[in-house]
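Trainee: First residue of the sequence shown: 1140, per our numbering; consecutive thereafter.
First, the structure itself, so that you have it in front of you.
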Amino acid sequence: MNYVAAWGSTKAKRELAERVARFCIQELMPKMKTLEIGILLSRDMDGADGFCLNRGRREFELEIDSRLEHDDFVSCICHEMTHVKQHARGELKDRTLSLKEWKGEEYITLYSTVDEYMALPWEAEAYETQEILLAKWLTLSPQDRTLYT
């Protein structure tokens, strides 16, 4: 069974983060049952909205800016959960701090502009997928959202 736990911020934000992560698992990786995902809700993000740290093939730590509100908060979790999917399925592999492998092709991950960052294929997929997941999340009734507890 998948394990998802959030810490930091408020109880309501932790519960929302866990529900959104479970929703993303169901949407992106419904057959995976051995994921371990910790979600740190933090105010010290160095200008980023979120991070995904791969601690092993099925073990991940997300850090999400707790100051994000509403759709931005949900969207950020969806973005980082797309990275979880990419790593868990072996599509994205961290080779070194500045080298990643995406679907068998190596990429140097140094960039100096937002456009260069957005052009990285795993980021392009994450930005596209976050919007799709957010739209699906928003169509759920509040009662249906509680199913992802």
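Cβ atoms here follow ideal geometry from the backbone N, Cα and C, with glycine treated the same way.
1. Since G1147 and S1214 should fall inside the 8 Å C-beta cutoff, what is the C-beta to C-beta distance between them, to a whole number of angstroms?
2. State the beta-bridge partners of A1145 as determined by DSSP.
3. Mind checking who K1289 pairs with in its DSSP beta bridge?
4. By alpha-carbon positions, which one of T1149, A1156, A1145, R1228 ends up nearest to L1273?
5. Three or more C-beta pairs closer than 8 Å, one from the segment 1220-1238 and one from the segment 1185-1196: is that the case here?
6. Using DSSP with H/G/I as helix, E/B as strand and the rest coil, what is D1204?
7. Work out the CA separation of D1283 and Q1165 for me, nearest whole Å.
8. Might you give, ordered along the chain, the residues of its own chain that have their beta carbon closer than 8 Å to the beta carbon of E1262, omitting 5 neighbours on each side?
Mentor: The structure says:
1. Within the sequence shown, numbered from 1, the residue matching residue 1147 stands at position 8. Within the sequence shown, numbered from 1, the residue matching residue 1214 stands at position 75. No, G1147 and S1214 are not in contact; Cβ-Cβ is about 19 Å, not under 8 Å.
2. On the sequence shown, residue 1145 is found 6 positions in, with the first residue counted as 1. Answer is I1178, bridged to A1145.
3. The chain is shown only over 1140 to 1288; residue 1289 falls outside these bounds and no answer can be derived.
4. For the purposes of this step, residue 1273 is identified with residue 134 of the sequence shown, where counting begins at 1. Out of T1149, A1156, A1145, R1228, A1156 has the C-alpha closest to the C-alpha of L1273.
5. yes
6. Counting from 1 along the sequence shown, the entry for residue 1204 is found at position 65. Three-state DSSP puts D1204 in a strand.
7. What you label residue 1165 is simply residue 26 of the sequence shown in a count that begins at 1. What you label residue 1283 is simply residue 144 of the sequence shown in a count that begins at 1. Distance between the alpha carbons of Q1165 and D1283: 13 Å.
8. The sequence position of residue 1262 within the sequence shown is 123, counting from 1. Here the set comprises Y1256.
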